[in-house]
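Reading through the structure tokens given below for one structure.
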Amino acid sequence: GAGVSQTPSNKVTEKGKYVELRCDPISGHTALYWYRQSLGQGPEFLIYFQGTGAADDSGLPNDRFFAVRPEGSVSTLKIQRTERGDSAVYLCASSPSTGGGTGELFFGEGSRLTVL
Amino acid sequence: AQSVAQPEDQVNVAEGNPLTVKCTYSVSGNPYLFWYVQYPNRGLQFLLKYITGDNLVKGSYGFEAEFNKSQTSFHLKKPSALVSDSALYFCAVREDTDKLIFGTGTRLQVFP
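In structure tokens:
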């Protein structure tokens with residue numbers, strides 16, 4: 526498809542387990558974003574990539590969260606030692622903008638993570 | 006740091022009536038302002054944006070928004086609401102970085 530693809534769409538895990546969430550952006554988009562949306566809240570910024578490098582990771586809540594984008598396309602958000610408070614919908618977005626911030630973001634449908 | 010506020014958790018309007026969803030922003034420089042809509046079990050969809058120029062911005066599905074610098078507002082409007090407009094609406098702002106900051110959202114309910 527032509528849109529942002531996120532897998533899995535749903536993930537149920539147990540407290541303490543490791544989780545990986547994958548994002549496949551729109552082809553050619555250089556910027557990639559991860560957000561987290563809890564029930565009844567707006568999307569909360571986690572990290573932003575420009576190409577392969579993390580341009581801003583100020584939103585990652587702690588060192589259990591890590592994200593990579595090794596070839597400048599697909600990105601993986603990794604969560605270690607999951608906690609019940611990590612339960613949320615994790616949104617990925619991409620943008621063709623290379624700077625200046627004027628371009629809109631194109632979002633995937635999200636990965637819903639439930640930590641039991 | 007930039008931020009946006011959406012003072013209404015929910016807006017109710019009758020079909021055919023005009024609607025307004027409010028947003029105010031706080032930045033230290035020039036703001037880039039956006040509206041997104043989220044339908045149930047769907048991803049966020051871009052509606053419109055203000056970068057520079059005309060204060061009245063027109064977007065998708067008949068929506069428009071008015072940038073007001075003196076009131077630091079960017080309210081979303083539509084002249085005639087449809088039941089299908091019922092969804093969750095998010096205002097967002099960027100300042101000098103590419104980080105997009107979202108508000109808490111306003112649920113729009115349009116009644117037939």
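For the record, the sequence lines run as chains A and B. Residue numbering for the first sequence follows my numbering, starting at 526 and increasing by one per position. Residue numbering for the second sequence follows my numbering, starting at 6 and increasing by one per position. Each residue gets a CB set at the ideal place from its N, CA and C atoms; glycine is no exception.
The beta carbon of A/F632 falls within 7 Å of a beta carbon belonging to chain B, placing the residue at that interface. Residues of chain B whose Cβ lies closer than 9 Å to the Cβ of A/T639 do not exist, since the nearest Cβ in that chain is about 15 Å away.
Counting only the Cα atoms, A/A579 lies some 27 Å from A/T538. When rounded, the separation of the alpha-carbon atoms in B/F107 and A/C617 is 14 Å. When rounded, the separation of the alpha-carbon atoms in A/P586 and B/A6 is 17 Å. A/S534 is not bridged by DSSP to any residue. Nearest to A/W559 by alpha-carbon distance, out of B/R112, B/L105 and B/T111, is B/L105.
Residue pairing by DSSP places A/S619 opposite A/L557 and A/F631 in a beta bridge. Between A/Q562 and A/V614, the CB-CB gap stays under 7 Å.
A/G578 sits in a strand when the DSSP states are folded into three classes. The three-state secondary structure of B/Y66, taken from DSSP, is helix. By DSSP's assignment, B/T57 forms no beta bridge with any residue. In the DSSP assignment, A/V529 falls outside any beta strand (DSSP E), carrying neither H nor E. DSSP places A/I604 inside the beta strand (DSSP E), whose first and last residues are S600 to I604.
With a threshold of 7 Å between beta carbons, A/T532 makes no contact with chain B.
Within chain B, the residues whose beta carbon sits less than 9 Å from that of A/F570 are K104, L105, I106 and F107, listed in sequence order.
Residue-level contact check: A/T577 does not touch chain B, since none of the beta carbons of chain B fall below 7 Å from its beta carbon. In the same chain as B/K54, and ignoring 5 residues on each side of it, the C-beta atoms closer than 6 Å to its own belong to F39, in chain order. For A/G553, the CB contacts under 8 Å within the same chain, skipping 5 residues up- and downstream, are P621 in chain order. If the five residues before and after B/S85 are omitted, its C-beta is found closer than 6 Å to the C-beta atoms of G21, all from its own chain and listed in chain order. DSSP lists B/L24 as the beta-bridge partner residues of B/K83. For the region 26 to 40 of chain B, the set of positions with a beta-carbon nearer than 7 Å to some beta-carbon of chain A reads Y37 and F39 in chain order.
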